[in-house]
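Undergrad:
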Amino acid sequence: MERKPVFNDWCPGCGNFGILRAEEMALRELGVDPKKIVIVSGIGCSGKIPHFIELPISGVHTLHGRSIAFATGIKTTNPSLEVVVNVGDGDGVGIGMGHFVHLGRRNLDITVIIHNNGVYGLTKGQASPTLGRGVKTKSLPRPNINDAVNPLAVALAAGYTFVARGYAYDIVHLKELIKKGIKHKGSAVIEILQPCPTYNDVNTKEWYDKRVYKLDNDPAWDPVVKREEETKTKFEKAMMKVMELGEKIPLGVFYQNELIPTFEERLEQNIPNYREFYPAIQPIELKGIGTTDIT
Ligand code: SF4
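Numbered by this note's numbering, the letters in the sequence shown go through residues 72 to 366 in order.
Structure (structure tokens):
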């Protein structure tokens with residue numbers, strides 16, 4: 072069953088199209104029952120993803136910066152659901168930074184997809200927290216005076232156990248990263264470099280095409296922690312690699328560790344009868360009928 076298509080108002084050439092296709096393909100290929108999938112988004116151009124996706128999933132289009140808080144409630148109430156959060160760079164690591172950090176520290180089994188284009192596209196291209204200092208896009212009156220936050224460095228420090236970066240115009244590679252993130256047991260984050268041709272005329276497709284390279288092409292790169300004693304070395308290597316954002320920008324998985332218990336496991340171990348204490352925490356059956364807009 073497909074959903075009725077919704078008119079898509081993204082600008083021509085926007086990187087969001089590649090992200091939408093990759094996410095849709097990943098979910099189809101994983102074969103997850105669409106009724107078990109919830110896509111949560113915040114405010115921004117990225118926030119329209121749950122409306123545009125052509126799978127009969129359930130979606131929630133939430134408040135600016137609060138999508139991870141909503142997703143935390145959904146997953147905690149019903150751990151059997153596959154919960155994916157789509158955030159923009161301003162939405163997710165600006166106003167939503169507090170929620171972003173705490174999801175990693177809890178290691179809840181949720182996948183966060185960050186659409187990173189360096190600007191607030193929905194409100195005419197103001198500098199977002201990921202735009203570099205000194206960068207002047209056509210939407211700014213003068214160069215940006217602030218340093219950029221690196222979402223993946225923050226994610227590693229916060230405790231995310233799957234950390235990866237993809238590129239919106241390499242859909243097949245991105246699809247594989249999203250599949251890995253969703254399959255991962257624990258908090259996963261995938262930052263996606265996403266050109267915004269309408270407002271960011273600096274970090275364009277041509278700009279990225281010259282710089283991005285794939286970690287998968289290096290046979291020595293192995294980001295998966297298989298034994299506890301490897302954790303420190305692999306964490307440090309990942310931290311160095313995510314900071315490489317100059318003439319060369321790596322894409323791929325930087326870090327993956329499934330040895331750390333998830334929030335769901337910690338909850339079951341420490342308060343096994345928590346649903347009796349909190350009767351309101353009861354799963355409901357989803358029908359995958361569409362996206363609820365609560366903005
Ligand atoms: Fe895409 Fe930018 Fe247009 Fe938003 S403003 S739809 S991010 S191109």
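Quick reminder that beta carbons are idealized off the backbone N, C-alpha and C, glycines included.
Flag this pair as touching only if the region 260-274 and the region 192-207 have three or more C-beta atom pairs under 8 Å; answer yes or no.
TA: Enough Cβ pairs lie closer than 8 Å, so yes.
Undergrad: Keeping to the same chain, check which residues put their C-beta closer than 6 Å to that of Gly-118; ignore five residues upstream and five downstream.
TA: Residue numbering aside, residue 118 sits at position 47 when the sequence shown is read from its first letter. For Gly-118, where only same-chain residues beyond five positions count, the Cβ hits under 6 Å are Ser-112 and His-132.
Undergrad: Is Ile-263 closer than 7 Å to Ile-124 when the C-beta atoms are compared?
TA: Counting from one through the sequence shown, the residue named residue 124 turns up at place 53. Counting from one through the sequence shown, the residue named residue 263 turns up at place 192. It is not a contact, given that the beta carbons lie outside the stated cut-off.
Undergrad: For Pro-332 and Pro-83, I'd like the C-alpha separation in whole angstroms.
TA: Locating residue 332 in the sequence shown gives position 261, counting from the first residue. Locating residue 83 in the sequence shown gives position 12, counting from the first residue. Spanning the two alpha carbons is a distance of roughly 43 Å.
Undergrad: Is Thr-52 a contact residue of the ligand SF4, with contact defined as CB to any heavy atom under 6 Å?
TA: With the chain running from 72 to 366 in the structure shown, residue 52 is simply not present.
Undergrad: Between the alpha carbons of Leu-322 and Thr-362, how many angstroms are there, rounded?
TA: Against the sequence shown, residue 322 aligns to sequence position 251. Against the sequence shown, residue 362 aligns to sequence position 291. Distance between the alpha carbons of Leu-322 and Thr-362: 31 Å.
Undergrad: Pick helix, strand or coil for Lys-276, following the three-state DSSP scheme.
TA: In the sequence shown, residue 276 corresponds to position 205, counting from 1. Here Lys-276 sits in helix by DSSP.
Undergrad: Is it buried or exposed for Ile-216, if we count other Cβ within 10 angstroms and need 16 for buried?
TA: Position 145 of the sequence shown, counting from 1, holds the residue named residue 216. Flag for Ile-216 reads exposed.
Undergrad: Beta-carbon separation of Glu-153 and Lys-107 under 7 Å?
TA: Taking the first residue of the sequence shown as position 1, residue 153 is located at position 82. Taking the first residue of the sequence shown as position 1, residue 107 is located at position 36. Yes; because the gap between Cβ atoms is below 7 Å, this pair is in contact.
Undergrad: By Cβ distance below 7 Å, which residues in the same chain neighbour Pro-294 in space, the five residues on each side in sequence not counted?
TA: Indexing the sequence shown from 1 puts residue 294 at position 223. Hits under 7 Å: Lys-305, Ala-309, Val-324, Phe-325, Tyr-326 and Gln-327.
Undergrad: Kindly list the residues whose CB is nearer than 8 Å to the CB of Phe-348, restricted to its own chain and excluding five residues on each side of it in sequence; keep chain order.
TA: Counting from one through the sequence shown, the residue named residue 348 turns up at place 277. Closer than 8 Å at the Cβ level, and outside the excluded window around Phe-348, lie Ile-342.
Undergrad: Count the CB pairs spanning the region 219-226 and the region 198-205 that are closer than 8 Å, and state whether there are at least three.
TA: The answer is yes - the region 198-205 touches the region 219-226, with three or more Cβ pairs under 8 Å.
Undergrad: Are the CB atoms of Ser-129 and Val-156 within a distance shorter than 7 Å?
TA: Reading the sequence shown from its first residue, position 85 is the one you call residue 156. Reading the sequence shown from its first residue, position 58 is the one you call residue 129. No; because the gap between Cβ atoms is not below 7 Å, this pair is not in contact.
Undergrad: Alpha carbon to alpha carbon, what distance is there between Leu-357 and Ala-140?
TA: Translated into the one-based positions of the sequence shown, residue 140 becomes position 69. Translated into the one-based positions of the sequence shown, residue 357 becomes position 286. Their backbone Cα atoms lie some 19 Å apart in a straight line.
Undergrad: Locate the beta strand (DSSP E) running through Glu-153, then write down its first and last residues.
TA: Locating residue 153 in the sequence shown gives position 82, counting from the first residue. Segment 153-159, the beta strand (DSSP E) holding Glu-153.
Undergrad: Please tell me whether, using a cut-off of 6 Å, the distance from the CB of Asn-178 to the nearest non-hydrogen atom of the ligand SF4 is below it.
TA: On the sequence shown, position 107 is the one that residue 178 refers to. Because no heavy atom of the ligand SF4 lies under 6 Å away, the Cβ of Asn-178 does not count as near it: no.
Undergrad: If you reduce the DSSP assignment to three classes, tell me which class Leu-91 lands in.
TA: For this step, residue 91 is matched to residue 20 along the sequence shown. Helix at Leu-91.
Undergrad: Smallest Cα separation from Ile-185: which of Val-164, Gly-169 and Lys-281?
TA: Walking along the sequence shown from the start, residue 185 turns up at place 114. Ranking the options by Cα distance to Ile-185, first place goes to Val-164.
Undergrad: Going straight from the alpha carbon of Glu-35 to that of Asn-274, what length do you get?
TA: There is simply no residue 35 to check, as the chain begins at 72 and stops at 366 in what is shown.
Undergrad: Any heavy atom of the ligand SF4 closer than 6 Å to the CB of Asn-79?
TA: Here residue 79 refers to the residue found at position 8 when the sequence shown is read from its first residue. Not under cutoff, so the answer is no.
Undergrad: Let me check understanding here. Comparing Cα to Cα, which of Asp-80, Phe-78, Trp-81 and Cys-85 lies closest to Lys-276?
TA: On the sequence shown, residue 276 is found 205 positions in, with the first residue counted as 1. Of the candidates Asp-80, Phe-78, Trp-81 and Cys-85, the one whose C-alpha sits nearest the C-alpha of Lys-276 is Cys-85.
Undergrad: On the DSSP bridge assignment, give the partners of Thr-194 in chain order.
TA: Position 123 of the sequence shown holds residue 194. None, per the DSSP bridge assignment.
Undergrad: Look at the Cβ atom of Arg-177, then the Cβ atom of Ala-229, and state whether they are nearer than 7 Å.
TA: Walking along the sequence shown from the start, residue 177 turns up at place 106. Walking along the sequence shown from the start, residue 229 turns up at place 158. No, Cβ-Cβ distance for Arg-177 and Ala-229 is not below 7 Å.
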